[in-house]
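Chemist: Please see the structure below; I have some questions.
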Amino acid sequence: MGKIFYILFLATFAMAQHFVPSTGLSYNEAKAELGKKMFFDKRLSKNQTFSCESCHNLYWDFSGTIRKNIFDGKINPPSILNAASNYLFFKDGNERNMSKQILTSITSTKELSMSVDELVKRLYDISEYRSEFIKVYNEGIKIENIIESFIHFQKAIFTANSAFDRFLLGDKNALNDDEKMGMQIFIDAGCVACHNGVNLGGGIRQQSSFFRSVFEKSDTPNELGAIFALERIRVAPLRNVARTAPYMSNGSITNLKIAISHTKSIDRNLDQKDVEYIEKFLKTLSGEHPRILK
C-alpha cells in the first residue's frame, strides 16, 4: 500500500511540472470539412496523382503517416494528428507558423508542387469547389481561405481524452500502477527534457549529432544520410505513439518496445523491465478518434 501511495505521489508531482492535458481545439466545422475535402483530393497536386493524405494517411491504423513497415533510408514523414498543437513544424523544426507550414507544403516540389496561382485556378476550375468556398467564405477561393480551411482541419484531427489525459485531469484511476511506474521512469530517465508539453514533444529541436549515437546502434547505420544532412531534428511528439509506427526519424523501427530499447542508450541505467514499464505508459497516450474522421 505504501509503495502504491509513493508512486501516486511522485506521479502527481511530476505531471504538474512536465505535462499538459489534451482537451481539444476549437474550430469551425464548415471550414474544417472543406479542409478535409482538399486534404484527400489528388487534384490539388501538380500531376493530380497524389494528395496530402497520400503521405499522411489518417485511416490506416489511425496513424497519420503512410509509412508502415517500410524502411528505405529516407526521413520518416511525421504524423499530423494533433499537429495544430505543435510549436515547430517539419522534421527540421524550421517553421513555427502553421500558415507558412501549409503554404510550404503546397508549393514544395516534394509535396503538392503547386504555385499559389496554380492552386487557386485549379480549385476555381472545379465547380464543386467554387460553390463550397462561397458557402464558407464570402470572398470565395483565395489562398488565405485555402490555408485557413487546412488549419481548421488540422485543429479538428485532435485526439483528446486518452487515459493519460483523464489522469492529468484528476482521474487517478485512469492509469494502473504499472503505467504510473512507466511515467515515473520516463521522467526520471530524462525523457521529459525533450518530450514534454501537451504533445510530449514537437516543441524543441536537437542537434542531429545528439541522435547519432542512437541511430548508429541500429542495423542500418549507412542509410541515415537524409537524417544527418539536417543540422537539427525536431523532437517527435509522442501522442498516439503506439499507433504511429514506424519510429525514429528515419522510420527504421516498427516495434515500439524496440524503439524504446534503442533510445535507452541515452540513459544506460534503464533495464528491460524499465523499457516495458515505459511502453505501458506510452500506450496510455492514445486518444479518441477525431469526430471529423468518423
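Numbers -16 to -1, 1 to 278, taken from mature numbering (1 follows the signal peptide of the UniProt record, and there is no 0), label the letters of the sequence shown in order.
Virtual Cβ for every residue (Gly too), placed ideally from N, Cα, C.
The structure presented is a predicted model; accordingly, all values stated were derived computationally and were not measured.
#1: Taking DSSP as the reference, what is the three-state secondary structure of Y108?
#2: Shortest alpha-carbon distance to Q138 belongs to which of H40, I242, V259, S29?
#3: Taking the CB atoms as reference points, tell me whether T143 and N66 lie closer together than 8 Å.
#4: Use the C-beta contact count for N31: other C-beta atoms within 10 angstroms, 16 or more gives buried, fewer gives exposed.
#5: Within the same chain, show all residues whose beta-carbon is closer than 7 Å to that of G87, passing over the 5 residues directly before and after it, in chain order.
#6: Could you give the distance in angstroms between the alpha-carbon of residue 287 and the alpha-carbon of I110?
#7: Any idea what DSSP makes of residue 327, helix, strand or coil?
#8: Going by DSSP in three states, Y121 sits in which element: helix, strand or coil?
#9: According to DSSP, F3 sits in a beta bridge with which residue or residues?
#10: Go ahead and label K257 buried or exposed: buried means 16 or more other beta carbons lie within 10 angstroms of its beta carbon, across all protein chains shown.
#11: Look at the alpha carbon of H136 and the alpha carbon of E17, and state the distance between them as a whole number of angstroms.
#12: Helix, strand or coil for I217 per DSSP?
#13: Using DSSP with H/G/I as helix, E/B as strand and the rest coil, what is I237?
#14: Quick one: Cα of E13 to Cα of R27, how far?
#15: From the DSSP output, in three-state form, read off Y261 for me.
#16: Can you name the residues that DSSP bridges to Y231?
#17: What's the gap between the Cα of L159 and the Cα of T247?
#18: Rounded to whole angstroms, what is the Cα-Cα separation between S99 and T91?
#19: Look at the alpha carbon of R106 and the alpha carbon of N180, and state the distance between them as a whole number of angstroms.
#20: What number of angstroms, rounded off, separates the C-alpha of A262 from the C-alpha of H2?
#21: On the three-state DSSP scale, how would you describe G19?
#22: If you reduce the DSSP assignment to three classes, tell me which class A14 lands in.
#23: For Y113, does the count of other Cβ atoms within 10 angstroms reach 16, so buried, or fall short, so exposed?
#24: State the start and end residues of the unbroken alpha helix (DSSP H) segment that holds A140.
#25: Whose C-beta lies closer than 7 Å to the C-beta of Q121 among residues of the same chain, with five residues either side of it excluded?
#26: Could you check which residue in S89, L269, T33, G19 has the C-alpha nearest to that of V182?
#27: What is the DSSP secondary structure of I64, counted as helix, strand or coil?
#28: Near V225, what residues of its chain come up, given a Cβ to Cβ distance below 7 Å and the 5 sequence neighbours on each side ignored?
Modeler: Looking at the atomic coordinates:
#1: helix
#2: H40
#3: yes
#4: exposed
#5: The residue asked about is misnamed: residue 87 is Leu in this sequence, not Gly. These residues qualify, in order along the chain: I131.
#6: Residue 287 falls outside the range modelled here, since the chain spans only -16 to 278, and no answer is possible.
#7: Lying before the first or after the last residue shown, residue 327 is absent from the chain, which here runs from -16 to 278.
#8: coil
#9: G181
#10: exposed
#11: 8 Å
#12: strand
#13: strand
#14: 23 Å
#15: helix
#16: I237
#17: 24 Å
#18: 5 Å
#19: 41 Å
#20: Reading off the sequence, residue 262 comes out as Ile, not Ala. Cα to Cα, I262 sits roughly 16 Å from H2.
#21: helix
#22: helix
#23: buried
#24: 127 to 140
#25: Looking at the sequence itself, residue 121 is Tyr, so the reference to Gln does not match. Within the same chain, Y121 has close Cβ partners N129.
#26: L269
#27: coil
#28: L240, L266, L269
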